[in-house]
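Trainee: Take a look at this one; I'll ask things after.
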Amino acid sequence: MDRIADWTRISSGASANGRPIVVMVDQEDCPYCRRVEEEFFSAVLASGRYRDQVVIGKISIDSGETIIDENGQEVSTRDFLAEYGADLTPTILFLDHNKREIAERLIGLLTPDYYVYYLERTIETAIRNMAG
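So the number in the numbering used here is just where the residue sits in the sequence shown, counting from 1, plus 1312.
Pasting the structure below:
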């Protein structure tokens, strides 16, 4: 999964194509984050099912990490994500190009046996909410 380093680039592409942006908020020392990325997101990405329907990336809230925000300014990722209170990792946000949440976020690992189901169901909700 690619790191989101420039929100303006990601959001303009998503806006032009009417796609939601799925953001995994993670930390380097988070074993649950690695599992969500390596087991569950990799399965969703490998399926190709959402290739042309969503933009998927990750933002790390580790100290020193930065991102280009919606104003073209380099800010800390923690500041960029502050409005969401996403301090627990992993947190999966479903956003439109204006950073509005368009589907209910997923926090933590939930039930591993059903995680792909919850993830895909919420991606589908985000796609519907963008369309309608």
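Cβ coordinates follow ideal geometry from the N, Cα and C atoms, glycine included.
(1) Nearest to S1327 by CA position, among N1441, E1413, E1432, H1409, is which residue?
(2) Measure the Cβ-Cβ separation of P1332 and I1419 and say whether it is below 8 Å.
(3) Could you tell me the distance, in whole angstroms, from the CA atom of R1363 to the CA atom of I1373?
(4) In three-state terms, what does DSSP make of L1405?
(5) Need the endpoints of the beta strand (DSSP E) that E1413 sits in, please.
(6) Once the 5 residues before and after E1340 are set aside, which same chain residues still bring their CB inside 6 Å of it?
(7) Do the CB positions of L1405 and R1390 come within less than 8 Å of each other?
(8) Report the CB separation of V1335 from I1371 in whole angstroms; it is logged as a contact under 8 Å.
(9) What whole-angstrom Cβ distance do V1337 and L1393 have, given they're in contact under 8 Å?
Mentor: Quick look at the numbers:
(1) Counting from 1 along the sequence shown, the entry for residue 1327 is found at position 15. Closest by alpha carbon: H1409.
(2) As a working mapping, residue 1332 is identified with position 20 in the sequence shown. As a working mapping, residue 1419 is identified with position 107 in the sequence shown. Result no, Cβ atoms of P1332 and I1419 do not sit closer than 8 Å.
(3) The residue given as residue 1363 occupies position 51 in the sequence shown. The residue given as residue 1373 occupies position 61 in the sequence shown. Cα to Cα, the separation comes out at about 26 Å.
(4) Stepping through the sequence shown from its first residue, residue 1405 is reached at position 93. L1405 falls in the strand class under three-state DSSP.
(5) As a first step, residue 1413 is located in the sequence shown; it is residue number 101 there, counting from the start. Segment 1413-1419, the beta strand (DSSP E) holding E1413.
(6) For the purposes of this step, residue 1340 is taken as residue 28 along the sequence shown, with counting starting at 1. Around E1340: D1374.
(7) By 1-based counting over the sequence shown, the position of residue 1405 is 93. By 1-based counting over the sequence shown, the position of residue 1390 is 78. No; because the gap between Cβ atoms is not below 8 Å, this pair is not in contact.
(8) Residue mapping note: residue 1335 aligns to position 23 of the sequence shown, counting from 1. Residue mapping note: residue 1371 aligns to position 59 of the sequence shown, counting from 1. At roughly 6 Å, the Cβ-Cβ gap stays under 8 Å, so V1335 and I1371 are in contact.
(9) Numbered from 1 along the sequence shown, position 25 holds the residue referred to as residue 1337. Numbered from 1 along the sequence shown, position 81 holds the residue referred to as residue 1393. That belief holds up - the Cβ atoms of V1337 and L1393 are roughly 6 Å apart, short of 8 Å.
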